[in-house]
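K.L.:
Position 38 of the sequence shown, counting from 1, maps to 1285 under our numbering, and the rest follow consecutively.
For every residue, glycine included, the Cβ atom is placed at its ideal position computed from N, Cα and C.
Predicted model only: the values in this text are computed from it and were never measured.
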Amino acid sequence: MIKHLLILTTYGQIFYSQEFEKTEEAVDVALTGGLMSAIYSMASETQREKISEFEMVTSRVVFQEEESDLLFVLTVDKRMDTKDTEDLLDMIAKRFFEKYGELRVDGLVLSDFEVDATEIIYRKLWYLDTQKRKFRVWDYLSTIFVALTISWYTMLVFGSPPFKGMPDFDIKTFIWNGLLDKLTIGTVDFILYILLLIAVIAIPAIAVYLLFKFTHVKDIFRFSRDYLLRPTRASYAELLPNYFLINIFVSFVVFLSIMCFAGGYFVELRVYPLSPGNLIGGLDADFDFLTFNIHQSDIGDQILIGSVTWFSWVFVFPLLYSLLLGEKKWGNVYKNAMYISSIAIFLLLIGSIFGGTTYLEAIGLHPGEAIFAEESLHLTYQLAVQIPLNIFLVIFLLFLGIGVNRITPPKTRIPSLFAIAVSIYLTLIIQRLFFFSWAAPT
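(1) Could you pull out every residue in the same chain whose Cβ sits closer than 7 Å to the Cβ of GLY1559, ignoring the five residues on either side in sequence?
(2) Could you tell me the distance, in whole angstroms, from the CA atom of ALA1617 to the CA atom of PHE1405?
(3) Is ILE1397 near the ligand MG, in the sense that its beta carbon is under 6 Å from a heavy atom of that ligand?
(4) Can you find the residues in the same chain that come closer than 6 Å, C-beta to C-beta, to SER1407, ignoring five residues on each side of it along the sequence?
(5) When the Cα of ASP1359 is compared with those of ARG1342, ASP1324 and LYS1582, which residue comes out closest?
(6) Anyone know if the C-beta pair for ILE1438 and VAL1323 falls short of 7 Å?
(7) May I ask you to report which of helix, strand or coil DSSP gives THR1256?
(8) DSSP three-state call for THR1322: helix, strand or coil?
(9) What would DSSP say about ILE1445, mapped onto helix, strand or coil?
(10) Report yes if the CB atom of VAL1555 is closer than 7 Å to the CB atom of PHE1681, and no otherwise.
(11) Look up HIS1251 in the DSSP assignment and give the residues it is bridged to.
(12) Beta-carbon separation of PRO1463 and PHE1382 under 7 Å?
(13) Out of THR1377, LYS1346 and TYR1374, state which residue places its alpha-carbon closest to the alpha-carbon of VAL1362.
(14) Are the beta-carbon atoms belonging to SER1599 and VAL1561 less than 7 Å from one another?
(15) Could you check what DSSP says for PHE1534 in three-state terms: helix, strand or coil?
(16) Does the stretch 1393 to 1401 come within contact of the stretch 1489 to 1507, defined as at least 3 CB pairs closer than 8 Å?
(17) So what's LEU1487 in DSSP terms, helix, strand or just coil?
(18) For TYR1606, collect the residues of the same chain with a Cβ closer than 6 Å to its Cβ; drop the 5 residues on either side in sequence, then sort them by chain order.
(19) Go through its chain and collect everything with a Cβ distance to PHE1267's Cβ below 8 Å, but skip five positions before and after it.
(20) Give me, in chain order, the residues of the same chain whose beta-carbon lies closer than 6 Å to that of TYR1483; leave out the 5 immediate sequence neighbours on both sides.
(21) In this structure, does DSSP put SER1522 in helix, strand or coil?
(22) Looking at VAL1501 and ILE1397, is the spacing between their C-beta atoms short of 7 Å?
(23) Quick one: give me the first and last residue of the beta strand (DSSP E) that PHE1310 is part of.
(24) Buried or exposed for ASP1331, please, with buried defined as at least 16 other CB atoms from any protein chain shown within 10 angstroms of its CB.
(25) Tell me which residues share the same chain as VAL1669 and place their Cβ nearer than 7 Å to its Cβ, disregarding the 5 neighbours each side in the sequence.
(26) Apart from the five residues just before and just after GLU1313, which ones in its own chain have a Cβ nearer than 7 Å to its Cβ?
(27) Please classify LEU1595: does DSSP put it in a helix, a strand, or coil?
(28) Candidates GLY1611, LEU1640 and ASN1489: which alpha carbon is nearest TYR1628's?
(29) For PHE1410, name the three-state secondary structure that DSSP assigns.
Given below as C-alpha cells:
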C-alpha cells in the first residue's frame, strides 16, 4: 500500500528516501526529488496555493510541508485510506523533528532514519506485519472458542429459543430466579450457585481476554473493527494472509446464534424487494425434536433463512461481483470480497435484532398473534421496528459497496460501481427465488 517515502526541502535538497515496494528498475532518487520539489514549487508560484496531493492511475502522491521549508512526500496505493496517509505523515514528521531538529547540511542523507520510518509505518499499518506470522493450530482453536463464547453470551442476553417441553432460559431465569430459588433452599446451595454463575459468566470472558493477549486471535477481530470504523480500509484485505479467512466461520456462527436467540427474521424480509409482507408465518412455534418439521419450527425456519441470507451475501455476492468486474485475477478479488462481506454482514445482523420476536415482545408487540397485524400498522411499529431495520440495511449495503470497491485497483470507477449495484440486486433476487420456492408468502 505504501510505495515510497521522500523527505526533502522545497528547493530540492534530499534528506531521506525509502522504497517499500519492489520494482524492476531502481527509482532515481535525485530525479524523483527534483520532480517533486519542482511540482510543489510550480503550484505554489503559479496558483498561489500549495499542492496537497496528485493522483496517477493506481497511485497517489501526498505532500505535507512542515516548518523551515521541509517537505514530506508519501507515495501510496490510490486505494489506501486517506486519513491513515495523513496520520502517517504527521507521525513521520514529528519523529523526524524529534530526532534531527533543525539540522540542515547540504548533501546529507539521513540513512539511520530508516529504523524510525519503518517502525512508525508498521505500527500504524499493522496489516503489513501479519504476512510474517504463522497461524498455529492453537490460534484456530482459540478463534473457534471465541466465536462460541460470543454465541453463549448472546443466548444469555436474548434467551434460548422455545424448545418444546423445556423451561425458558434467559438472564432473569438463570440469574435472578435461580438465586432466589437457591436462597430459599439454603445458604450452601446459594453460595454454590453463585460460584456456578461466576464459572459460566466470568471465566469465559477471562479466557477470551487471555486468548486476545497471547494468541493471534486479536488480529482477526482487530481488522474487523478497523474496517467497520472506516470501510475505506477494506483495501488492506489484500495485505492479509489466508488464515484471516477464518473470520468467515466466526461470522457464520455469530450470525446464526443471533438469528436464533434474538427471534430471527420475523419481519426483516419486508424491507427487501420482490417480497411484500411476511415470508413465513408462525415463527414463534416451539421446536420439537421428535416431530421435526421445518415449516412449523421456529428454530428450523431461522436456521434456514439465516443460512441462505448469510451464504448469499458472503459467497454469492462476491462471486457475482468478481465475475462482472472482468478482472484476470478474479480469484483474488473473490477472496477479498468474500472476506469483506463476512465482516459487513455484522451490520445486517444488528438490524435483524429489530425484526426478531425477542425485540418485538420487549417493546410490547405480539408477534405470532392476530393482534400483531393491527399493531404493525401503528406509528410506534414504524418508528421502533421498520425504520431501524431499513437504516441498518442501507448501512450494510453502503459498507459492503464501499468495501468491495476498495479491494480492486481503480481503473474506471463506473464499471466497478455498476458491478456492485448489479451484484447486490442479483443477490437479492436469488434470495427471493429460493424463499419463494421453499414457502409461499403469507
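P.N.:
Result, derived from the coordinates:
(1) The residue you call residue 1559 lines up with position 312 of the sequence shown. One detail in the question is off: residue 1559 reads as Ser in this sequence, not Gly. So the list reads THR1674, ILE1677 and GLN1678, once near-sequence residues are dropped.
(2) Within the sequence shown, the letter at position 370 stands for residue 1617. Within the sequence shown, the letter at position 158 stands for residue 1405. C-alpha separation (whole angstroms): 24 Å.
(3) Absence of the ligand MG from the depicted structure is noted, as is the absence of any ligand whatsoever, leaving it without description.
(4) Counted from its first residue, the sequence shown places residue 1407 at position 160. For SER1407, where only same-chain residues beyond five positions count, the Cβ hits under 6 Å are PHE1416.
(5) Start at 1 with the first residue of the sequence shown, and residue 1359 comes out as number 112. Closest by alpha carbon: ARG1342.
(6) Counting from 1 along the sequence shown, the entry for residue 1438 is found at position 191. Counting from 1 along the sequence shown, the entry for residue 1323 is found at position 76. The Cβ atoms of ILE1438 and VAL1323 do not sit closer than 7 Å to each other.
(7) Taking the sequence shown and counting its residues from 1, the one referred to as residue 1256 is at position 9. It is a strand residue.
(8) Along the sequence shown, one-based indexing puts residue 1322 at 75. In this structure, THR1322 counts as strand in the three-state DSSP scheme.
(9) If you number the sequence shown from 1, residue 1445 lands on position 198. DSSP places ILE1445 in helix when its eight states are reduced to three.
(10) Here residue 1555 corresponds to residue number 308 of the sequence shown, with the count starting at 1. Here residue 1681 corresponds to residue number 434 of the sequence shown, with the count starting at 1. Closer than 7 Å, so yes.
(11) Taking the sequence shown and counting its residues from 1, the one referred to as residue 1251 is at position 4. In DSSP, HIS1251 forms a bridge with GLU1266 and THR1322.
(12) As a working mapping, residue 1463 is identified with position 216 in the sequence shown. As a working mapping, residue 1382 is identified with position 135 in the sequence shown. The sequence given here has His at residue 1463, not Pro. Yes, the Cβ-Cβ distance between HIS1463 and PHE1382 is below 7 Å.
(13) For the purposes of this step, residue 1362 is taken as the residue at position 115 of the sequence shown. The option with the nearest alpha carbon to VAL1362 is LYS1346.
(14) The count along the sequence shown starts at 1 and reaches residue 1599 at position 352. The count along the sequence shown starts at 1 and reaches residue 1561 at position 314. Result no, Cβ atoms of SER1599 and VAL1561 do not sit closer than 7 Å.
(15) The sequence position of residue 1534 within the sequence shown is 287, counting from 1. Three-state DSSP puts PHE1534 in a strand.
(16) yes
(17) Against the sequence shown, residue 1487 aligns to sequence position 240. Residue state, collapsed to three classes: coil.
(18) On the sequence shown, residue 1606 is found 359 positions in, with the first residue counted as 1. Taken in chain order, the residues that qualify are ILE1600.
(19) Counted from its first residue, the sequence shown places residue 1267 at position 20. Excluding residues within five positions, the ones whose Cβ falls inside 8 Å are ILE1249, LYS1250, HIS1251, LEU1252 and ILE1368.
(20) Mapped onto the sequence shown, residue 1483 falls at position 236. TYR1374.
(21) On the sequence shown, position 275 is the one that residue 1522 refers to. For SER1522, the predicted model reports a pLDDT of 40, less than 50, meaning its position is unreliable and no value from the coordinates is stated.
(22) Position 150 of the sequence shown holds residue 1397. Position 254 of the sequence shown holds residue 1501. Yes, the pair counts as a contact, with Cβ atoms nearer than the cut-off.
(23) One-based indexing of the sequence shown puts residue 1310 at position 63. First-last of the beta strand (DSSP E) with PHE1310: 1306 to 1313.
(24) Here residue 1331 corresponds to residue number 84 of the sequence shown, with the count starting at 1. Per the 10 Å Cβ criterion, buried.
(25) As a first step, residue 1669 must be located in the sequence shown, where it is residue number 422. Within the same chain, Cβ atoms closer than 7 Å to the Cβ of VAL1669 are found at LEU1571, the five residues on either side in sequence being excluded.
(26) Locating residue 1313 in the sequence shown gives position 66, where the first residue counts as 1. Closer than 7 Å at the Cβ level, and outside the excluded window around GLU1313, lie PHE1319 and ALA1340.
(27) Locating residue 1595 in the sequence shown gives position 348, where the first residue counts as 1. Of the three classes helix, strand and coil, the one that applies to LEU1595 here is helix, per DSSP.
(28) Counting from one through the sequence shown, the residue named residue 1628 turns up at place 381. Considering only alpha carbons, the answer is GLY1611.
(29) Residue mapping note: residue 1410 aligns to position 163 of the sequence shown, counting from 1. The answer is strand: DSSP assigns PHE1410 an E or B state.
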